[in-house]
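Chemist:
Set out below in C-alpha cells:
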C-alpha cells in the first residue's frame, strides 16, 4: 500500500487532471446566457477533493482503461456530485449557507438560479458522457444506465436524500441509518468505481471485487463524515458543523458512540483493502485511498 | 393530410400507449421510499397531451423504426417534460399553483419533495433510455447526447428558462423573445422529433426535413401558447391564465398583436407541412399534428 504522503500527492495530481477536463466540459462563463454558466462554474470550482472522479480513474487504470474516456466520465461524476450539493443546500432542503468554505449557490445567485444550475449540471453530465465517443458505445450506455440508477430513487442518491429528510429523530433504528448512508452516498461512490471498471475489458470477477471495495469505502466515508461533524472544526471543514446533532439527524456517532464509530470505519477500510488483495501492488493507490478516507480531516 | 377528427383520435390512441409505457418505466407508488414515487407519479399522470412522445413516435414510424424503443424513448421525453414543469412551477421560479387543472407538485407535496421529484424524473429519463437495450447502442447514445443538449443551457430548455426569468419587460426586442421560445420549448420538441428519427435508418436528408418541420411547429406551438394565455379560459387550460401579461412577460401577442400572431402561427404550420411534402400521404399524421397545434384550445 502507498504511504499517506504518496496518496495525498497522487490525489493532488489527479485533481489537476480532472479540473482541466472540467474546464473543457463546462461552457465558458461568458457563453449566453452567462448567469447560469457562472453559477455552474462557481459551484464546480468552489473546491472539493474530486474523490469520485479519482475513484473512477483509478478503477479504470487498474484494468488498463483508456485515460481519455475515464477522465471524461470522471468529470461528469463531479458535475453530478456538484448538482447534488447545490440542491441539497437549498432552503427547502438542508438550508445550508456554507459549503467548502464558501457561500452556497442560492446565497450567491438566488434560489431560482441555484435550482436551474443543479438541473443544468445533471443534464450536462449525461451529455458529456454520451458525447465522449470512444467507439465502445455499448460500454458507455451501460455506464449511463448504472450511474442514473445509482443517483435515482431506488436505493440511490435521491432516495437516500428523501429518507434523510424524513428522518428527524437520531434514536431511529440502525437499518434506516444504513439505508440513508448506503443510498445517499454509497451507491454513487460504488457507481463511480464500477463506471471506471465497466469502461475497460475487466472481467465479472474484477467488477465484483471493485464493487466490494466500493461498498466498504462508501460506508467508511459516511461514518468518517458523521464523525467530522462531531469532532471537526468549521475552519477545517469549510461548512457548518454540529448541524446533524442540531437537526437530530441519524448519524453513526449518535447511534453507536464516537469510539465504536471510529473502530467501524477502520475495520471497513481494512476490508476494502482486502477485497483488492488479488491485484497486489497494482491496487496500492486504491488501498491508500481507503485509508485516506478514514483518516481525512476534511 | 388527416382530418382534425382523425388526428384527435390518433392522439388519444398514442396517449394510451405512452401512458402504459410510463406505467412500466415509473417505479410503483409503494416502492420505498413511497413519498417520492407518489410525487413523481402524481405529476406524470396529472394529464397532458403526450405531445412530445407522439412526435418521437410518429417521426420514428415514418422511417420504419422499432415501436418498442420508440415508445421507451417517447416515455422518457414525457418524464423530462414533467420534470421541467415541476421545477418551473416552484415558488422560486414561476410560482404557479395550478397545472393541468390540478394543484402543482410543491403545493401538494411541499417544496423539497417537488425539487427532488423533478430531479428524479430527469434522472429516470436517462436511465430508461440507456436501459432500453435495442442493440444499436450507437444510435441510443446519440439520442441521449442530442436530448441532453436540447434541455441544457446553450440554446436549450434551461437556457431558455434562465433568459425568460431575466426578462420582465414585454416591450423587449423580438430577437430575445425568439431566443426564449426557441430555447425553452422549440429545442426540446425538435429533439423529440430528431430522437425518433435517429433511432431508425433514416438518411441525412430525412433528418433535415424532420428538423425543419420541428423548427416550424416548435415556434407555432409557442405562439399558440401565448395566444391561449390571452384569449383562452382557465377552465379550458387548467392553469392560471393572464400571467404572462401580469408578469410583463415577453410574448408574441404583446409584441406583434393578436391577429398578426395568429397569422404567423398558421403560416408556420403551412411551412411545417410543406417540409414533409416529399413523403406524400405517409406524413399525413405529422402534418395533421402541425394543424392541431395551431388550432388547439388547451
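Chains as they are written, first to last, in the working numbering: chain Z, 1 to 298; chain C, 299 to 596. The beta-carbon is built from N, C-alpha and C at its ideal position, and this holds for glycine as well.
Residue 146(Z) to residue 560(C), Cα distance in whole Å?
Modeler: Your numbering for residue 146(Z) matches position 146 in the first chain. Your numbering for residue 560(C) matches position 262 in the second chain. So the two alpha carbons sit approximately 47 Å from each other.
Chemist: Can you tell me whether residue 253(Z) is buried or exposed? The criterion is at least 16 other CB atoms within 10 Å of its CB, across all chains shown.
Modeler: Walking along the first chain from the start, residue 253(Z) turns up at place 253. Residue 253(Z) is buried by the Cβ-count criterion.
Chemist: Applying the 10 Å Cβ sphere with the 16-neighbour rule, what's the burial state of residue 421(C)?
Modeler: The residue given as residue 421(C) occupies position 123 in the second chain. With 16 or more other Cβ atoms within 10 Å, it is buried.
Chemist: Which residues does DSSP pair with residue 400(C) in a beta bridge?
Modeler: Within the second chain, the letter at position 102 stands for residue 400(C). Partner(s): 397(C).
Chemist: What is the residue span of the alpha helix (DSSP H) that residue 524(C) lies within?
Modeler: Here residue 524(C) refers to the residue found at position 226 when the second chain is read from its first residue. Per DSSP, residue 524(C) belongs to the alpha helix (DSSP H) from 502-529.
Chemist: State the DSSP-derived secondary structure class of residue 167(Z), mapped to helix, strand or coil.
Modeler: As a position in the first chain, residue 167(Z) is number 167, starting the count at 1. Three-state DSSP puts residue 167(Z) in coil, outside helix and strand.
Chemist: Would you identify the three-state DSSP class for residue 194(Z), choosing helix, strand or coil?
Modeler: Counting from 1 along the first chain, the entry for residue 194(Z) is found at position 194. If DSSP states are grouped into helix, strand and coil, residue 194(Z) belongs with the helices.
Chemist: DSSP state of residue 596(C), grouped into three classes?
Modeler: For the purposes of this step, residue 596(C) is taken as residue 298 along the second chain, with counting starting at 1. With a pLDDT of 48 at residue 596(C), under the threshold of 50, the modelled position of this residue cannot be trusted; read the value that follows with caution. For residue 596(C), the three-state secondary structure derived from DSSP is coil.
Chemist: May I ask you to list, following chain order, the residues of the region 140-159 of chain Z that have a beta carbon less than 7 Å from some beta carbon of chain C?
Modeler: 140, 141, 144, 145, 148, 149, 151, 152, 153, 154, 158, 159
Chemist: For the region 115-129 of chain Z, which residues have a CB atom closer than 7 Å to at least one CB atom of chain C, in sequence order?
Modeler: 115, 116, 119, 120, 122, 123, 124, 126, 127
Chemist: Using the beta-carbon count (16 or more within 10 Å), is residue 579(C) buried or exposed?
Modeler: Residue numbering aside, residue 579(C) sits at position 281 when the second chain is read from its first letter. So residue 579(C) ends up on the exposed side.
Chemist: For residue 376(C), would you say it is in contact with chain Z, using Cβ-to-Cβ distances shorter than 7 Å as the test?
Modeler: For the purposes of this step, residue 376(C) is taken as residue 78 along the second chain, with counting starting at 1. It does not; no Cβ of chain Z falls within 7 Å.
Chemist: Check each candidate in 461(C), 483(C), 592(C) and name the one with the smallest Cα separation from residue 474(C).
Modeler: Start at 1 with the first residue of the second chain, and residue 474(C) comes out as number 176. It is 461(C) whose Cα lies nearest to the Cα of residue 474(C).
Chemist: Would you decide whether residue 231(Z) is buried or exposed? Buried here means 16 or more other CB atoms lie within 10 Å of its CB.
Modeler: Here the question's residue 231(Z) lines up with position 231 in the first chain. By the neighbour-count rule (16 or more Cβ atoms within 10 Å), residue 231(Z) is not buried but exposed.
Chemist: According to DSSP, is residue 94(Z) part of a helix, a strand, or is it coil?
Modeler: Here residue 94(Z) refers to the residue found at position 94 when the first chain is read from its first residue. The answer is coil: DSSP assigns residue 94(Z) none of H, G, I, E or B.
Chemist: Who are the Cβ neighbours of residue 362(C) in its own chain at under 7 Å, not counting the five residues just before and after it?
Modeler: Along the second chain, read from residue 1 onward, the residue named residue 362(C) stands at position 64. For residue 362(C), where only same-chain residues beyond five positions count, the Cβ hits under 7 Å are 498.
Chemist: If you draw a straight line from the alpha carbon of residue 197(Z) to that of residue 402(C), how long is it in whole angstroms?
Modeler: Taking the first chain and counting its residues from 1, the one referred to as residue 197(Z) is at position 197. Taking the second chain and counting its residues from 1, the one referred to as residue 402(C) is at position 104. The alpha-carbon atoms of residue 197(Z) and residue 402(C) are separated by roughly 42 Å.
Chemist: Against residue 333(C), what residues of chain Z qualify as contacts under a CB-to-CB distance less than 8 Å, listed in chain order?
Modeler: In the second chain, counting from the first residue as 1, residue 333(C) sits at position 35. Within 8 Å Cβ-Cβ: 162, 166.
Chemist: Starting from the Cα of residue 482(C), find the closest Cα among 516(C), 503(C), 504(C) and give me that residue.
Modeler: Here residue 482(C) refers to the residue found at position 184 when the second chain is read from its first residue. Checking every option, the nearest Cα to that of residue 482(C) belongs to 516(C).
Chemist: Hey, residue 85(Z) and residue 72(Z) are a contact pair by Cβ (cut 8 Å); roughly how many whole angstroms apart?
Modeler: The sequence position of residue 85(Z) within the first chain is 85, counting from 1. The sequence position of residue 72(Z) within the first chain is 72, counting from 1. In fact, because the Cβ distance is near 21 Å, the residues do not count as touching under 8 Å.
Chemist: With 7 Å as the threshold, decide whether the Cβ of residue 588(C) is near any Cβ in chain Z.
Modeler: Residue mapping note: residue 588(C) aligns to position 290 of the second chain, counting from 1. Using beta-carbon distances, residue 588(C) does not count as an interface residue toward chain Z, since no partner is under 7 Å.
Chemist: Below 9 Å on C-beta distance, what does residue 391(C) contact in chain Z?
Modeler: If you number the second chain from 1, residue 391(C) lands on position 93. Neighbours of residue 391(C) on chain Z, chain order: 111, 112, 115, 116.
Chemist: Could you compute how far the alpha carbon of residue 596(C) sits from the alpha carbon of residue 573(C)?
Modeler: For the purposes of this step, residue 596(C) is taken as the residue at position 298 of the second chain. For the purposes of this step, residue 573(C) is taken as the residue at position 275 of the second chain. Caution applies to residue 596(C), whose pLDDT of 48 falls short of 50 and renders its modelled position unreliable; the model cannot decide the point.
Chemist: Going by the CB atoms, is the gap between residue 125(Z) and residue 193(Z) shorter than 7 Å?
Modeler: Counting from one through the first chain, the residue named residue 193(Z) turns up at place 193. Counting from one through the first chain, the residue named residue 125(Z) turns up at place 125. No; because the gap between Cβ atoms is not below 7 Å, this pair is not in contact.
Chemist: Can you tell me which of 391(C), 337(C), 312(C), 313(C) puts its alpha carbon nearest to the alpha carbon of residue 324(C)?
Modeler: Position 26 of the second chain, counted from the start, is the residue given in the question as residue 324(C). Here the closest residue by C-alpha is 337(C).
Chemist: Put residue 288(Z) into one of helix, strand or coil per three-state DSSP.
Modeler: Taking the first chain and counting its residues from 1, the one referred to as residue 288(Z) is at position 288. Under the three-state reduction of DSSP, residue 288(Z) is assigned to helix.
Chemist: So, for residue 440(C): in the same chain, excluding its five sequence neighbours on each side, which residues have a beta-carbon less than 7 Å away from its beta-carbon?
Modeler: Taking the first residue of the second chain as 1, we reach residue 440(C) at position 142. So the list reads 496, once near-sequence residues are dropped.
Chemist: Would you decide whether residue 407(C) is buried or exposed? Buried here means 16 or more other CB atoms lie within 10 Å of its CB.
Modeler: Here residue 407(C) is taken as the residue at index 109 of the second chain, counted from 1. Classification for residue 407(C): buried.
Chemist: Between residue 301(C) and chain Z, is there a C-beta pair that is closer than 7 Å?
Modeler: As a working mapping, residue 301(C) is identified with position 3 in the second chain. It does not: the Cβ of residue 301(C) has no partner Cβ on chain Z nearer than 7 Å.
Chemist: Using a cut-off of 7 Å between C-beta atoms, extract the partners of residue 178(Z) located in chain C.
Modeler: In the first chain, residue 178(Z) corresponds to position 178, counting from 1. The contacting residues do not exist; residue 178(Z) stays about 13 Å from chain C at best.
Chemist: Just to confirm before moving on: does the CB-CB distance between residue 294(Z) and residue 277(Z) stay below 7 Å?
Modeler: Residue mapping note: residue 294(Z) aligns to position 294 of the first chain, counting from 1. Residue mapping note: residue 277(Z) aligns to position 277 of the first chain, counting from 1. In this structure, the beta-carbon distance from residue 294(Z) to residue 277(Z) does not fall below 7 Å.
Chemist: Can you grab the Cα-Cα spacing for the pair residue 485(C) / residue 91(Z), in whole Å?
Modeler: Reading the second chain from its first residue, position 187 is the one you call residue 485(C). Reading the first chain from its first residue, position 91 is the one you call residue 91(Z). Near 31 Å, if we compare the C-alpha coordinates of residue 91(Z) and residue 485(C).
Chemist: In whole angstroms, what separates the C-alpha of residue 526(C) from that of residue 55(Z)?
Modeler: For the purposes of this step, residue 526(C) is taken as the residue at position 228 of the second chain. For the purposes of this step, residue 55(Z) is taken as the residue at position 55 of the first chain. Approximately 52 Å, taken between the alpha carbons.
Chemist: Does the separation of the CB atoms of residue 284(Z) and residue 12(Z) fall below 7 Å?
Modeler: Reading the first chain from its first residue, position 284 is the one you call residue 284(Z). Reading the first chain from its first residue, position 12 is the one you call residue 12(Z). The answer is no: Cβ separation not under 7 Å.
Chemist: Looking at the structure shown, is residue 155(Z) part of a helix, part of a strand, or coil, going by DSSP?
Modeler: Indexing the first chain from 1 puts residue 155(Z) at position 155. In this structure, residue 155(Z) counts as coil in the three-state DSSP scheme.
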